[in-house]
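Residue numbers (the working numbering), protein chains in the order written: chain A, 464 to 782; chain B, 10 to 585; chain C, 68 to 206; chain D, 5 to 376.
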Amino acid sequence: MTAIDSHSTPHDDHAHDGGHGHSEYPFLAHHFETPAQQFDSGKLGMWVFLATEVLFFGALFAMYTLMRAKEPEVFSFASNYLDTIMGGINTCVLILSSLTMALAVHFAQRSKKGPLVVCLLLTFLGACGFLVIKYFEYTHKFDANLKWGPAFYQPVVENGKPLGAPEAALVTESTPAAATAGSPLTVNPLIGKPLPAEASSIKRAAMGPSGLASEDAMHAHDAHGHAATGDHDLAMKTHVYNAQMPVNTHRFFGIYYCMTGLHGIHVVIGMFLIGWITLRSIRGDFNSKYYTPVDLVGLYWHIVDLIWIFLFPLFYLIH
Amino acid sequence: MTTLDATRPLDTRPSADNYLTHSRGVLSWILTLDHKRIGVMYLVSVLASFLLGGVFALLVRTKLLFPGEVSWMSAEAYNHFFTLHGAVMVFLVIIPSIPAALGNFVLPIMLGAKDVAFPRLNLASYWLWLLGATCVVLSLLMGSFDTGWTFYTPYSTTTRFGGVVPVVTGAFILGFSSIFTGMNFIVTVHKLRPPGMTWFRMPLFLWALYSTALIQILATPVLAITLSLLAVERIFHIGIFDPAWGGDPVLFQHFFWFYSHPAVYIMIVPGMGIISEIISVHAHRHIFGYRFIAFSSIAIAFFSFLVWGHHMYTSGQSGLMNVVFSAITFSVAIPSAIKVFNWLATLYKGSISLTTPMLYALAFLFLFTIGGLTGLYLGTLNTDIHLHDTYFVVAHFHYVMMGSALIAMIGGMHHWWPKMTGRMYSEFWGRIGCTLVFIGFNLTFFTQFMLGSQGMPRRYYSYDQLPGMAEAFKTYHHISTGGSYIMALGFVITAIYLIHSLYRGKPAPANPWGGRSLEWQCPSPPPHDNFKVTPRVGDCYDFSVVRWDEASNGYIVDRSLDPELNPNAPKRKGHH
Amino acid sequence: MSNHSHAHAGADEHPLVGHLVPLWILFATATVLLVLTIITVAVRYVDLGEANIYIAIGIAGVKATLVGLYFMHLKWDRPFNQLTLVGSIAFVVLLIWFTMLDSKQYEPQLIRGNPTGVQTELGQKAPDAPIAKQNQLIR
Amino acid sequence: MHALLNSLATAAPASGHTSFWLPRSGSTTAPNVDFMFMAITYVCYFFFVLVVVLMVAFVVRYRQKGTKLEFHEGASEHNTPLEVTWTVIPVIIVVAIFFGGFKGYLTLATPPANAYQIDVVAKQWSWTFKYPNGAISDDLVVPAGRPVKLVMRSDDVLHSLYIPDFRVKKDVVPARYNVLWFQSDTPTGKRADGTDDFHNLFCTEYCGKDHSRMNRKVIVKGEADFAMWEKDQAEWLIKIPKDELYFKAGPILYARCSSCHTLDGTPSTGPSWGPYNGLPAIWERTEKGLTKVNGKPLSELIGPGKEFEHAKGYIANSILQPNKHIVDGFAPGMPTFQGQLDDLGIDALVGFMQHLNEFDSKGKLKAAQPAK
Ligand code: HEA
Ligand code: HEA
Ligand code: CUA
Ligand SMILES: [Cu+2]
């Protein structure tokens, strides 16, 4: 991002300004004619960069959509393990920091140094707050081995004994439902639609690890998780032995960490950028004539907020 | 904003203070913000990578002289070599070659700007390229990789060779290098056009670079994320692409080709832009159908996003999507056809000088016609079922990538060589080099069409096990390998005379070919900030104002003859 | 506060370039965003079946639009800048649309059950945990 | 034209003739592909010649001599009707080509309902073909004159099955089934030099080290020949001595049950053969009549004078008429193996069940040789 900012050309470039009256605008780089041109260029550059960010995350959203469409039961099951309240608070924190960022731009535009610095510091604080909450969320899940890939299937060991193993005995009691061989030969390869009569009779949402969990597995889980043991934490930790856990649940956590992690990286980058312009604004670099860096970092920060606005419902709310 | 008297020729006297001599020392190069120096650094790096990729190619070809096992190259080594060849050529050579090397150098000058919009971003792009290239080298040290340049899962997530993650990181970084170039070009074209340089005044090369930049911006992030996911899948098994963890390998192909199909147009569209320039300049003839060519670049950029599935006809992709993708694939062929015909029409009634760049441009026309037309076989559903993953595809994409995009790049390099270096190369050797490359190329790759349509699969180390076919295949492979040696000879000659010209070449005039666009109206090599004064632009394809100037041993643009710049200029026939 | 946009306190109060968004718009936007967040969380606890998804995504869409229009000044920005955002989203939609179309079509061909990697993992790490065998046709 | 091209493409007899562009055509769909191929080829010839001839002609005619530029009368900058013409003509041509390919593809993509099905498993770097009667082979042997449908699955990475002479190809993808079909009307027979003729089968999706060695023969046999071969191939059981059946053939056969029946008691589509739910392993529980079917214990069904004389009878019946008695807690989901498993096969499986403790949970013999 630093590089986008077209301001401040180092070393000797100013010597070659030819006939331009750049002295009026000390911040104007040598290859621009007017401040407006420089501002518009910076802004367009930032927007183009944001477009790449949209596609960057877009591919992840595509992956999310496909996985969800293929295994809805995984998502409705696993999203119960996320903490909606923490997520909600984090959303609010980001929105507020977006507000302070927008305010910062406003004050920069009006050459109000004091409020500008305060707003930037608040924004920075918001970013910190977001990360702290995220940290607690992550550790909570790590404790319960709600991780990606193989680690997800590691039973949580407490006092040398895997937690929840006894429950496994209950598992096989689940009533098996009808299942065919799931013959794929019943597929019309051109249209890919199953031919009606031979289509698999397994209700997909009911595919527990036994392959045949009863249809209302989800409710059973809620009962299991909250009512039966009355201990959400234990329910989280024994997920490996949970008969109602659908096949491939680890994928949910895989992409949860991918997407929120990538977003988190963006937050960290944002913190560096905000810190940088805070220093510069303390130095008094910005005023109504020149505030492009504040504006651009603002745009970046808003897109980080904007992406979270989608991540939040997709992972925490939809079930 | 003073503009010089529009009718006087711009000052083209070579000056001692040009961008090459402006400052000295290694640091003044690697920390430069000058788009011209960055372009030159890119050019050198890309050519070095080309040499590397070419060496890998020759190893591959040499192995294929022998149908069976050879003691000096195992099957696994072969797999590494063609993978490295493909990856180096695609990610290190052809994608940055035209935009980042030649485009960087020429774009601001053609536009009449002092620099690109974000010089530091431009430098960052080059540094990222270096970093990416380092990662590729690093991956060689860490066990290399044998996945094919397409990195198809689950092979790439399970192969025992550990170079996959570093090379994928490298490609990720190279992706951002390419994105930064694209951002720069979009903003430069939008915001840094001087007065008078309207959109439809821009040289077509700029239209091409602009369209390319759009693709770079929109497609590359998807590759970046896909490759990161591949690395993450390989290390952490999150279950996206690897079926052993519940992933879907076909999804990887969708994501990969969502980038990599548009990427093939990142390679060819700027090449087409160069060809538009070379043909009009060396035929000294107004480009025919300017608007059609300009819009067809944009059309290609747009359509290129809709056809990625044509690489997946046999992958198990659903029949419905196959049909959709096939239908849209053909729509991409139309803008290309428009361009080919317009170039032909530009030759008509021109004043054609058969210089080395022009020879390359004609070779491009010849080879792109073959390469593009064979794309039709591949776009067609039932014939592609037969031809997919055979040497037919290999031949197709070498005709378009090597025979078209790379030839255009080499042609453009010759075209702007005098401008970049201030030296002329030997025309005689230039023509010899071009001819050898042309002949060698056709020998190498035309035979591969026959190999492919006869059923020879690609990425095959040995073909002695194919009873009834091995004999015929052997003959074709021998011709092919022979051709590649001829081609290599051509390139070596080219390298020699170009390097020679740096030291012994005649000083180049400002305008050796009779070009009309702005870069021919500033000295060779250009001064540090291109133009002392922002020039007024005329019609950059109006060659009637160009005339030979004995004194400078080059052409000059007599701006006083241009009615747009000088109201008193004599009216000419056939001009409106 | 709502007067700020009209308060012309001096040359320094005018940005030389760009658009000054009045403070009340910024605060109003933030308020609406917070309210929408609360609503969307609340809706989660009401079971509306399929509708839940659409409501959540719909609200997110509205919030994103607000952020774009007011916080990011898009409402007053150049058309091309607006186009870059809308255009890039359009390409994301394209990617999602085509890949979805395809994977929906071939879904019946997929082999279901715990994939091999999970099977081995479970077999070693948690032998008593339930495993769903893949519905293999042959072999 | 059509007929001419068709005959051009199909003229090559199935004896190894190839044309300049294409290998011999050996399937019913190949001529169609060849027709499209040749049609596009002629389009290409036309445009290629057009472009190159014009290019060369212009260069020769308008070659500049010396350094002086020449300007010719009527060198226009654009000509809209011309531009439109050379836009529209290619459009028409590509639309035609698209439909040609589309039509051909429809046939390629829809296996006829009566197709003979062969299951294919690809793995690094081998092919296994499995026939409905249980026969297994390394090379692909198919009946002539009958549509053949391949149902393909991969055990590891991507592969692709390609038979150039048939003009068919399809990737073999792990975790899913892909289907491919073709029909070949002419048996491969003998070559002129007396050796057996065959078509080539290649793996065309890069799959690692021996990708280029992953090729096999395709042999087309006449109806009667094929039936004989299929039977022979399936009768491998007969050649195994009776008392070695259970450990030589058992594990191989069990592979076809393993998708639904585990050996270690884990629940699956069908009841585990190992002890589950408090019941002992399958042989013991059946012999003792402990299993409950349709609400009643098996002891009411097995015994002198009852439905089954002996436990073995019940098991054989479960295999051949699986839905007659349904084990409690399970749904009727087992396909019949009637026609796929003969008495010997059933003997082998029953023996396998009797000696379950000699096998590991994957069905592999634990010791090198079974205890006598
Ligand atoms: C610079 C790169 C480049 C370019 C420009 C193209 C151009 C085209 N390509 Fe190519 N292609 C590749 C690079 C490129 N390709 C690569 C790298 C691969 C393989 C990757 C891999 O698997 O490793 C590939 C593979 C590939 C496939 C997949 C094959 C397979 O794996 O099964 C297909 C299928 O549709 C295809 C089609 C086309 C088409 C229709 C065009 C069109 O754009 C061509 C348009 C041009 C013309 C048509 C010629 C000019 C027109 C005339 C002379 C007028 C007459 C025209 C008509 C009548 C239409 N290409
Ligand atoms: C731009 C891209 C590009 C270029 C230029 C080339 C160039 C060449 N390629 Fe490449 N090729 C690919 C991209 C490219 N290739 C890709 C993407 C693949 C697929 C990989 C995969 O399957 O994963 C492939 C695969 C591929 C194969 C198939 C391997 C297989 O499937 O088993 C073969 C086989 O013949 C081959 C041969 C060649 C040859 C002989 C050249 C020659 O043209 C090379 C000639 C060049 C030289 C000999 C170097 C000489 C240079 C100098 C001396 C310095 C130059 C300096 C100046 C000019 C100043 N290539
Ligand atoms: Cu199997 Cu290639
Ligand atoms: Cu493509």
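We treat Cβ as the ideally placed atom computed from N, Cα and C, and that holds for glycine.
Where residue i falls, given that 16 or more other Cβ within 10 Å makes a residue buried
| i | result |
| --- | --- |
| I96(D) | exposed |
| W611(A) | buried |
| K72(D) | exposed |
| I234(B) | buried |
| H76(D) | exposed |
| F24(D) | exposed |
| W81(B) | exposed |
| D332(D) | exposed |
| N331(B) | buried |
| Y51(B) | buried |
| A122(B) | buried |
| S673(A) | Caution is warranted here: a pLDDT of 36 is assigned to S673(A), below 50, making its placement in the model unreliable, and no coordinate value can be reported. |
| N36(D) | buried |
| M281(B) | buried |
Candidates the options, of which the one nearest residue i by Cα
| i | options | result |
| --- | --- | --- |
| C549(B) | N88(B), G524(B), S187(B), S533(B) | G524(B) |
| D351(D) | T114(D), R67(D), Y258(D), I44(D) | Y258(D) |
| L360(D) | G274(D), H215(D), G254(D), N219(D) | G254(D) |
| L774(A) | L579(A), M526(A), T701(A) | M526(A) |
| R545(B) | S569(B), T190(B), D538(B) | S569(B) |
| N351(B) | L29(B), G63(B), P163(B), F301(B) | F301(B) |
| F114(B) | M418(B), M496(B), I565(B) | M418(B) |
| R217(D) | V297(D), V145(D), S130(D), T84(D) | S130(D) |
| V176(D) | F206(D), D197(D), G149(D) | F206(D) |
| I226(B) | Y268(B), M151(B), P175(B) | Y268(B) |
Chain G residues whose Cβ lies nearer than 9 Å to that of residue i
| i | result |
| --- | --- |
| T547(A) | Structure shown: chain G not included; protein chains present are A, B, C and D. |
Within-8 Å CB hit, residue i to chain D
| i | result |
| --- | --- |
| Q176(C) | yes |
| P82(C) | no |
| I124(C) | no |
| E286(B) | no |
Beta-carbon gap between residue i and residue j smaller than 8 Å
| i | j | result |
| --- | --- | --- |
| T229(B) | I188(B) | yes |
| S313(B) | V341(B) | yes |
| L609(A) | F716(A) | yes |
| M156(D) | K173(D) | no |
| S220(B) | A310(B) | yes |
| Q572(A) | S751(A) | yes |
| P76(B) | Y472(B) | yes |
| G442(B) | I495(B) | no |
| L566(A) | C582(A) | yes |
Contact with chain B by residue i, beta-carbon distance below 8 Å
| i | result |
| --- | --- |
| K173(D) | yes |
| S31(D) | no |
CB contact check: residue i to chain A, cutoff 8 Å
| i | result |
| --- | --- |
| P197(C) | yes |
query = Pick out every residue whose C-beta is nearer than 5 Å to a heavy atom of ligand 3: which are they, in chain order?
reply = Those residues, listed in chain order, are H163(D), C207(D), C211(D), H215(D), M218(D).
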